[in-house]
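**Q** Count the sequence shown with the working numbering and you get residues 5 to 145, in order.
Structure below; questions to follow.
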Amino acid sequence: MLIVCTSCNSKYLVNSADLKPEGRTVQCANCDHQWYQGSSVEEEVLPSSIPSSSITNNASENNTSVPSSNLPSTYVKEQEKSIVNSILVVVFLFAIICGFWLFQKLEINSLVLVKFYVEEFYFNLKLIFADLALIIHNILN
């Protein structure tokens, strides 16, 4: 339901269930003006079926009732940490450790392999940056 502040014309999208069946007092976040906002069902029924004197009496009765708190804020529920993800991380780390152990048992120096692939990665990364720098230089000149 869309409600509009009667003072500054700020518009708010509100769940009509939050207004309760009889409506409630709401407060503008922009200008702090408070006004009574009826539910959408009342707005459709009241003008056609109830005389205007009854409407004003009913509205004054609702304003004198127990004041309710402001409308609740909308919040995003945080996701709980999944135990499955934690287990997968532990299994992955265990697999890496077992892989290093296996390479040692097979007399394959795994650190040399890792060093080789890291050096290849940096070498290729330098080539990519050099090519990008050349392309940008050619575009600007």
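All C-beta atoms, glycine included, are put in the ideal place defined by N, C-alpha and C.
1. Going by DSSP, what residue range makes up the alpha helix (DSSP H) through LYS109?
2. In this structure, how does DSSP classify VAL116 when only helix, strand and coil are distinguished?
3. Quick one, which of SER20, GLU26, ASP22 and ALA33 has its alpha-carbon nearest CYS9's?
4. Hey, could you find the ends of the beta strand (DSSP E) LYS15 is sitting in?
5. Got a sec, what are the start and stop residues for the beta strand (DSSP E) GLN41 sits in?
**A** Quick answer:
1. 87-109
2. helix
3. ALA33
4. 15-17
5. 38-41
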